[in-house]
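First the structure, in the form of structure tokens, and then the observations on it.
In the UniProt record's numbering, the protein residues as written are 1 to 396.
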């Protein structure tokens, strides 16, 4: 069976758990998406922008020095960090921005954690002449000052979310509340495979370009599919974009890496699948961190992009069906991997991506030397240099 089903569900996960005022907007969005996903003019414009504006295809790079140091699997990096704006987020944002333009919406809103989705949305809004408002937690605004400045320079209004833990969850709450009040003239560009149907499906389909390219490039480079594919998961958009084209290729191991923060034995982590339970968050049924009363509990990660108590419903389905494996990586392990990749390959990864690198560092030495392991390097780390410096100063 192809997921999601006609109710927007991946098994028992997904669906639409939203106020009545949003149901019509979501139904119309689903119809618009299906119509334009087959529209030749829309598809040609998206393809052209992905190539000439964003810079696709991104390379599949052989990390020779890292592979030699770890002495195991041959490691390749899918360089999503080389996209325009510095992350995979632009793939989905171009798609949803074009949908806003083709459906006549003049204004878009978005939520952001690390700021990469906010920057991508502000960039596409400038490109397409759309008014743009981005909701961002106050804590994340302090951690990601550079991206806040970039968004404002691109003409976007950045609205601080000051409730709760003042992070991505709270920014998403604010964006959803705002959308309920302005649904008639506003397009909500959700940045990950979360939220009510059709967002998880739509974002996945805009991001599957990562996995489609990786399959073609793997066959060209080493004549077979990878043995292992590793990607970080917060909401999980880069991971599902990478995993989805490989789901039927059951010889390819799919591994998602979530943020263990200060350790899954503490209450300072964002390891949703390792420690969470099924429930409802931001309009969808999925695994989330919650207390015994069903209240969402705070998440923590050194990475603002992974600091989210839920996960995309398709990841919950892949977790329960055991098609993909999900593992936790701590802040310290991510920082160590950040430094290792920077110093062996001259590539500064985003802290999100460093979680995926950290798990590859663990398992590569256990794999045969003729096996191939691909890491989705979802973004570049310029935005995280300040956080890394603070973390290292605190550790000394």
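For glycine and all other residues, C-beta sits at the position ideal for the given N, C-alpha and C.
query: What is the C-beta distance between residue 323 and residue 254, in whole angstroms, given that I count them as a contact (C-beta under 8 Å)?; result: 7 Å
query: By the DSSP assignment, the alpha helix (DSSP H) with residue 217 in it spans what residues?; result: 209-222
query: Are the CB atoms of residue 404 and residue 358 nearer to each other than 8 Å?; result: With the chain covering only 1 through 396, there is no way to say anything about residue 404.
query: Just tell me which of 50, 42, 89 and 54 has its CA closest to the CA of residue 350.; result: 89
query: If you run the structure through DSSP and keep just helix, strand and coil, what is residue 65?; result: helix
query: Give the single residue among 326, 268, 348 and 327 whose Cα lies nearest to the Cα of residue 336.; result: 348
query: Work out the CA separation of residue 220 and residue 179 for me, nearest whole Å.; result: 45 Å
query: Could you tell me which whole alpha helix (DSSP H) segments of length 4 or greater appear in the region 257-319?; result: 272-275
query: Whose CA, out of 394, 391 and 383, lies closest to the CA of residue 86?; result: 383
query: Could you give the DSSP three-state label for residue 121: helix, strand or coil?; result: helix
query: Based on the DSSP secondary-structure assignment, which residues constitute the bridge partners of residue 78?; result: 60 and 376
query: Please determine, among 28, 113 and 217, the residue with the shortest C-alpha to C-alpha distance to residue 172.; result: 113
query: Note the first and the last residue of the continuous beta strand (DSSP E) segment covering residue 366.; result: From DSSP, residue 366 is part of no beta strand (DSSP E); its letter is neither H nor E.
query: Taking the runs of the beta strand (DSSP E) that are 3 residues or longer, which of them lie wholly in the region 121-158?; result: 131-137
query: Would you call the region 337-346 in contact with the region 35-45, where contact means no fewer than 3 C-beta pairs closer than 8 Å?; result: no
query: Quick check: the region 220-234 against the region 260-268, are at least 3 beta-carbon pairs closer than 8 Å?; result: no
query: Should the region 52-71 be called in touch with the region 13-30, which here means at least 3 C-beta pairs below 8 Å?; result: no
query: By a C-beta neighbour count over all protein chains shown, 10 Å radius and 16 as the cutoff for buried, is residue 31 buried or exposed?; result: exposed
query: I'd like to check one pair, residue 245 with residue 211: are the Cβ atoms closer than 8 Å?; result: yes
query: Exposed or buried, residue 202, counting other C-beta atoms within 10 Å across all chains shown (16 or more means buried)?; result: buried
query: Please return the same chain residues whose Cβ sits closer than 6 Å to the Cβ of residue 260, not counting the five positions on each side in sequence.; result: 269, 271, 328, 329 and 330
query: Compute the beta-carbon to beta-carbon distance between residue 316 and residue 286, rounded to the nearest angstrom, for a pair I have assumed lies under 8 Å.; result: 5 Å
query: On the premise that residue 26 lies in contact with residue 198, defined as a C-beta separation below 8 Å, what is that separation, rounded to the nearest angstrom?; result: 7 Å
query: Helix, strand or coil for residue 199 per DSSP?; result: helix
query: Am I right that residue 360 and residue 375 are in contact with their C-beta atoms under 8 Å? What's the rounded C-beta distance?; result: 5 Å
query: Please report the residue range of the alpha helix (DSSP H) in which residue 344 lies.; result: 331-345
query: Based on the DSSP output, what are the partners of residue 325 in its beta bridges?; result: 255
query: For residue 150, which residues of its own chain have a beta-carbon under 8 Å away from its beta-carbon, when the five flanking residues on both sides are left out?; result: 115, 119 and 122
query: Whole-angstrom Cβ separation of residue 378 and residue 345, contact assumed at under 8 Å?; result: That belief does not hold up - the Cβ atoms of residue 378 and residue 345 are roughly 16 Å apart, past 8 Å.
query: With 16 other CB atoms within 10 Å as the buried threshold, where does residue 80 fall?; result: buried
query: Consult DSSP for residue 354 and reduce its assignment to one of helix, strand or coil.; result: helix
query: Just mark residue 401 as buried or exposed, buried being the case when its beta carbon has 16 or more other beta carbons within 10 Å.; result: This structure leaves residue 401 out entirely; the chain is present only between 1 and 396.
query: Name the one or two DSSP bridge partners that residue 349 has.; result: 380
query: Please check if any C-beta of chain C sits within less than 8 Å of the C-beta of residue 301.; result: Any reference to chain C falls outside this structure, which holds one protein chain only.
query: Closest to residue 312 by CA distance: which of 5, 2 and 9 is it?; result: 9
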